[in-house]
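Undergrad: My questions all concern the structure below.
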Amino acid sequence: MSHDLAWINAAISAARPQAVGALLRYFRDLDTAEEAFQDACLRALNNWPRNGPPRDPAAWLIMVGRNAALDGVRKRSRQTELPPEDTLSDLDDAETRVAEQIDASDYRDDVLRLMFICCHPDLPATQQVALALRIVSGLSVKQIARAFLASEAAMEQRITRAKARVAAGDAEFATPGPVERAERLAAVAAMLYLVFNEGYSAGDNPARAQLCGEAIRLARLLLRLYQTEPEIMGLLALMLIQHARTPARFDAEGQIVLLEDQDRTLWNRPMINEGLALIDKAMRHRRPGAYQVQAAIAALHARAPTPADTDWAQIDRLYASLERLTPSPVVTLNRAVAVSKVAGPEAALEMIAPLADKLSGYFHFHGLAGALNLELGRHAEARTAFDRAIALANTAAEASHIRQHLDRLMADHPPPDERAATRAK
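Heads up: the sequence shown is residues 58 to 482, going by this note's numbering.
Right, here's the structure in full:
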C-alpha cells in the first residue's frame with residue numbers, strides 16, 4: 058500500500074463508526090448507510106490525495122455520503138439530475154460548516170446507537186459479532202468468513218439475515234437518554250468482549266486472532282466517548298492485559314503454554330502498563346463492575362514477576378466478588394483454580410463437583426477436573442476427565458494440550474489391565 062493510501066485508510070477506518078452511525082440516523086436503514094459510506098470513501102480516495110486531509114474526516118464522509126445517497130434517490134426517481142462532480146469535490150467551506158455542527162455528543166450517540174443496533178437483542182451472539190465486524194469495523198465478508206472458518210456465502214447469508222432482523226425490529230434512532238445510554242453501554246460492552254473472546258480463543262487461526270485488535274480499537278473509541286465510565290475502562294484494561302500475553306501463549310509448534318509456564322519476558326509490557334493504569338483509574342471511581350474485577354484479576358497475574366509471586370488469596374477474593382456480581386458456573390470454575398492454589402486440589406474439586414451437570418459439555422471443566430485429580434494421584438479419574446476434555450476441545454491446540462497430559466499419565470501410570478499385559482510379555 059502506498060503512503061497516500063495508508064494514511065487515507067487509517068483516517069477512514071478511524072472515522073467509520075462516527076460516519077456510518079450518523080448516516081444510519083439520517084437514513085434509518087443499515088444498507089443505505091453502508092452504501093452511502095462506501096460512496097464517500099470512493100470520493101475520498103479521489104479527492105484527498107490531491108487536496109490533502111480534511112479538517113474533520115468524519116464530517117467530510119458524512120456530508121459526502123449523505124449527498125451521494127440523496128443523489129441516488131433523486132436519480133432513481135428521475136426528480137432531478139445528478140449535480141456536477143465539481144460541486145461535490147469542492148467541499149472546503151461546506152466541510153467546515155458540517156464539522157461545526159457535529160459536536161462530540163452527536164458522535165458519541167451515533168456511535169453508541171450504531172453499536173447497539175448491531176447487538177440487537179433478537180440476534181444470536183454469532184450474528185451480533187458478525188454484524189458488528191461488518192458494519193462498525195468495516196471488515197469484508199471474506200475476512201469475517203475466514204475468521205469464523207465459514208464460507209463467504211454462508212457468512213453473507215448470516216449478515217443478511219441479521220440486517221433483515223434489525224430492519225424488521227423496532228430500532229430506536231432518537232438520542233438516548235441517561236438510563237437508556239447506560240443500558241446500551243452494557244450491551245455494547247458485552248458485544249465487544251464477545252468479539253475479543255472470538256479472537257482470544259482462536260488458537261492457531263491468525264485471521265481470527267486479529268479480532269482481539271479490532272475489539273481493542275473499538276473499546277478505545279468507546280472510552281474516548283465515555284471517558285468517565287469505569288466499566289469501559291475495566292473492559293479495555295482487561296482486553297489489553299490479556300492480549301499482551303499473546304506472544305507467550307503458544308510455543309513454536311502452536312501448542313498451548315499455560316500461564317504459569319509462560320515466558321513473561323515475551324509479554325507486551327507497554328500494553329500491560331496501559332491496562333494497569335486504566336484499572337487503577339477505574340477502581341478509584343468506587344463503582345465496581347464485572348469487567349473491573351476481571352481486569353483486577355488479570356492485573357495481579359501481570360504484576361507478579363514469577364508464578365510463585367502470584368497473590369492467589371487476593372485472586373480468590375476477587376473471584377468471590379465476581380460471583381456476587383455475575384453468578385455463573387464458569388466464574389465458580391475459574392475461582393476453583395485460585396482455591397486449588399490456596400487450599401489445595403481437594404478443596405477445589407469439592408467446589409466444582411456441584412457444577413458437573415451444568416458444565417458437562419464444557420471443555421475447561423473436564424480439563425481442570427483432570428488436572429486436580431492428577432495432582433491428587435487419582436489416575437483413573439484423571440484419565441476419564443482428560444478423555445472427556447479431548448472430545449469437547451474447541452481447537453486443535455486445546456485437544457493437543459490435553460493429549461500431552463493424557464499421554465504422560467498413560468506412560469507413567471498405565472491402567473491395571475495394560476500393566477498386566479506388559480508383565481505377561
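Just so you know, even glycine gets a beta-carbon here, dropped at the ideal spot from N, CA and C.
Using the beta-carbon count (16 or more within 10 Å), is LYS220 buried or exposed?
TA: Taking the first residue of the sequence shown as position 1, residue 220 is located at position 163. LYS220 comes out buried.
Undergrad: Among GLN284, ILE329, ASN391 and LEU278, which one has its Cα closest to the Cα of THR303?
TA: By one-based count along the sequence shown, residue 303 stands at place 246. Residue ILE329 is the option with its Cα nearest to THR303.
Undergrad: Starting from the C-beta of GLN349, find all residues in its chain whose C-beta is less than 7 Å away, skip the five residues before and the five after it, and write them out in chain order.
TA: For the purposes of this step, residue 349 is taken as residue 292 along the sequence shown, with counting starting at 1. So the list reads PRO287, GLU288, GLY291, ILE336, ALA339 and MET340, once near-sequence residues are dropped.
Undergrad: Below 7 Å between beta carbons: does that hold for ALA370 and VAL399?
TA: Taking the sequence shown and counting its residues from 1, one reaches residue 370 at position 313. Taking the sequence shown and counting its residues from 1, one reaches residue 399 at position 342. In contact: ALA370 and VAL399 (Cβ atoms closer than 7 Å).
Undergrad: Have a look at GLY332 and GLY129 and give me their C-alpha separation to the nearest angstrom.
TA: As a first step, residue 332 is located in the sequence shown; it is residue number 275 there, counting from the start. As a first step, residue 129 is located in the sequence shown; it is residue number 72 there, counting from the start. C-alpha separation (whole angstroms): 46 Å.
Undergrad: Check PHE205 in the structure and name its three-state DSSP category.
TA: Here residue 205 corresponds to residue number 148 of the sequence shown, with the count starting at 1. Of the three classes helix, strand and coil, the one that applies to PHE205 here is coil, per DSSP.
Undergrad: With burial defined as no fewer than 16 other Cβ atoms inside 10 Å of the residue's Cβ, what is the status of ARG344: buried or exposed?
TA: Residue numbering aside, residue 344 sits at position 287 when the sequence shown is read from its first letter. Exposed: under 16 other Cβ atoms inside 10 Å.
Undergrad: Could you please give the first and the last residue of the uninterrupted alpha helix (DSSP H) stretch that includes PRO106?
TA: Taking the first residue of the sequence shown as 1, we reach residue 106 at position 49. It spans 87–108 - the alpha helix (DSSP H) in which PRO106 sits, taken as one unbroken run.
Undergrad: Return the first residue and the last residue of the alpha helix (DSSP H) that HIS358 is part of.
TA: As a first step, residue 358 is located in the sequence shown; it is residue number 301 there, counting from the start. Counting along the chain, the alpha helix (DSSP H) containing HIS358 begins and ends at 347–360.
Undergrad: Quick check on this structure: which residue in ALA456, ASP167, ALA207 and THR367 has the alpha carbon closest to the alpha carbon of GLN81?
TA: For the purposes of this step, residue 81 is taken as the residue at position 24 of the sequence shown. The residue you asked about is not Gln; residue 81 is Leu in the sequence shown. With distances taken between Cα atoms, LEU81 lies closest to ASP167.
Undergrad: Leaving out five residues before and five after CYS269 in sequence, what residues of the same chain have Cβ atoms less than 6 Å from its Cβ?
TA: The residue labelled residue 269 in the question sits at position 212 within the sequence shown. Closer than 6 Å at the Cβ level, and outside the excluded window around CYS269, lie PHE253, GLY256, TYR257 and HIS300.
Undergrad: Kindly identify the DSSP beta-bridge partner or partners of ILE313.
TA: Counted from its first residue, the sequence shown places residue 313 at position 256. Note: ILE313 sits in a beta bridge opposite PHE307.
Undergrad: Using 10 angstroms around the beta-carbon of ASP373, count the other beta-carbons present and answer buried if the total reaches 16, otherwise exposed.
TA: The sequence position of residue 373 within the sequence shown is 316, counting from 1. ASP373 comes out buried.
Undergrad: So LEU249 and ALA272 are in contact, right, with Cβ under 8 Å, and what is the actual spacing, rounded?
TA: In the sequence shown, residue 249 corresponds to position 192, counting from 1. In the sequence shown, residue 272 corresponds to position 215, counting from 1. Contact flag correct, Cβ pair sits at about 5 Å.
Undergrad: So, does the region 109–116 touch the region 196–204, judging by three or more C-beta pairs under 8 Å?
TA: No, the region 109–116 does not touch the region 196–204.
Undergrad: Quick one, are the C-beta atoms of ILE192 and VAL223 less than 7 Å apart?
TA: In the sequence shown, residue 192 corresponds to position 135, counting from 1. In the sequence shown, residue 223 corresponds to position 166, counting from 1. Not closer than 7 Å, so no.
Undergrad: Exposed or buried, LEU406, counting other C-beta atoms within 10 Å across all chains shown (16 or more means buried)?
TA: Within the sequence shown, residue 406 is the residue found at index 349, counting from 1. LEU406 is buried by the Cβ-count criterion.
Undergrad: Run through DSSP, which three-state label would ASP320 get?
TA: Taking the first residue of the sequence shown as position 1, residue 320 is located at position 263. If DSSP states are grouped into helix, strand and coil, ASP320 belongs with coil.
Undergrad: Can you name the start and end residues of the alpha helix (DSSP H) that HIS300 belongs to?
TA: If you number the sequence shown from 1, residue 300 lands on position 243. HIS300 -> alpha helix (DSSP H) spans 287–301.
Undergrad: Using a 10 Å radius around the Cβ and a threshold of 16 neighbouring Cβ atoms, would you call THR322 buried or exposed?
TA: In the sequence shown, counting from the first residue as 1, residue 322 sits at position 265. So THR322 counts as exposed.
Undergrad: What are the boundary residues of the alpha helix (DSSP H) that ASN391 is part of?
TA: Your numbering for residue 391 matches position 334 in the sequence shown. 386–400 is the span of the alpha helix (DSSP H), which, as asked, contains ASN391.
Undergrad: Tell me, to the nearest whole angstrom, how far the beta carbon of ALA450 is from that of PHE422; I am working on the premise that it is less than 8 Å.
TA: Numbered from its first residue, the sequence shown carries residue 450 at position 393. Numbered from its first residue, the sequence shown carries residue 422 at position 365. With a Cβ gap of about 12 Å, ALA450 and PHE422 do not count as contacting.
Undergrad: Measure the CB-CB distance between ALA359 and THR367 and report whether it falls below 7 Å.
TA: Start at 1 with the first residue of the sequence shown, and residue 359 comes out as number 302. Start at 1 with the first residue of the sequence shown, and residue 367 comes out as number 310. No, these two residues do not count as a Cβ contact at 7 Å.
Undergrad: Among the candidates LEU375, ALA365 and PRO364, whose CA atom is the shortest distance from the CA of ILE354?
TA: As a position in the sequence shown, residue 354 is number 297, starting the count at 1. Among LEU375, ALA365 and PRO364, the Cα nearest to that of ILE354 belongs to LEU375.
Undergrad: Select from ALA79, TYR83 and ALA101 the residue whose C-alpha is nearest the C-alpha of ASN66.
TA: Here residue 66 corresponds to residue number 9 of the sequence shown, with the count starting at 1. Minimum Cα distance to ASN66 is reached at ALA101.
Undergrad: Considering only residues of the same chain and omitting the five flanking positions on each side of ALA151, which have a CB-CB separation below 7 Å?
TA: The residue labelled residue 151 in the question sits at position 94 within the sequence shown. Unreliable positioning characterises ALA151 in this predicted model, as indicated by a pLDDT of 48, which lies under 50. The coordinate reading is nonetheless provided below. Taken in chain order, the residues that qualify are MET120.
Undergrad: Using the C-alpha atoms, what's the distance from ALA93 back to TRP117?
TA: Here residue 117 refers to the residue found at position 60 of the sequence shown. Here residue 93 refers to the residue found at position 36 of the sequence shown. Rounded to whole angstroms, TRP117 to ALA93 spans 12 Å at the Cα level.
Undergrad: State the DSSP-derived secondary structure class of CYS176, mapped to helix, strand or coil.
TA: Numbered from 1 along the sequence shown, position 119 holds the residue referred to as residue 176. Three-state result, CYS176: coil.
Undergrad: Quick one, are the C-beta atoms of ILE459 and GLY424 less than 7 Å apart?
TA: To locate residue 459, count along the sequence shown from 1; it is residue 402. To locate residue 424, count along the sequence shown from 1; it is residue 367. Against a cut-off of 7 Å, the Cβ pair of GLY424 and ILE459 comes out as a contact.
Undergrad: Going along the chain, which residues of its own chain have a beta-carbon closer than 6 Å to the beta-carbon of ALA426, five neighbours each way excluded?
TA: In the sequence shown, residue 426 corresponds to position 369, counting from 1. Answer for ALA426: ALA442, listed in chain order.
Undergrad: Identify which residue in ARG326, ALA356, HIS342 and ARG238 has its Cα closest to the Cα of LEU295.
TA: Mapped onto the sequence shown, residue 295 falls at position 238. For the residues ARG326, ALA356, HIS342 and ARG238, the minimum Cα distance to LEU295 belongs to ALA356.
Undergrad: Less than 6 Å between C-beta atoms, sequence neighbours within five positions excluded: which residues of the same chain meet that for ASP320?
TA: Here residue 320 refers to the residue found at position 263 of the sequence shown. Cβ within range, chain order: ALA305.
Undergrad: Put LYS338 into one of helix, strand or coil per three-state DSSP.
TA: On the sequence shown, residue 338 is found 281 positions in, with the first residue counted as 1. In this structure, LYS338 counts as helix in the three-state DSSP scheme.
Undergrad: Going by other Cβ atoms of all chains shown within 10 Å of its Cβ, with 16 needed for buried, is ASP464 buried or exposed?
TA: As a working note, residue 464 is residue 407 in the sequence shown. It counts as exposed.
Undergrad: Using C-beta distances below 6 Å, list every residue in its chain close to LEU169, excluding the 5 sequence neighbours before and after it, in chain order.
TA: Looking up residue 169 in the sequence shown gives position 112. Correct list, in chain order: ARG241.
Undergrad: Report the three-state DSSP secondary structure of GLN564 (helix, strand or coil).
TA: What is shown of the chain runs 58 to 482, which leaves residue 564 out entirely.
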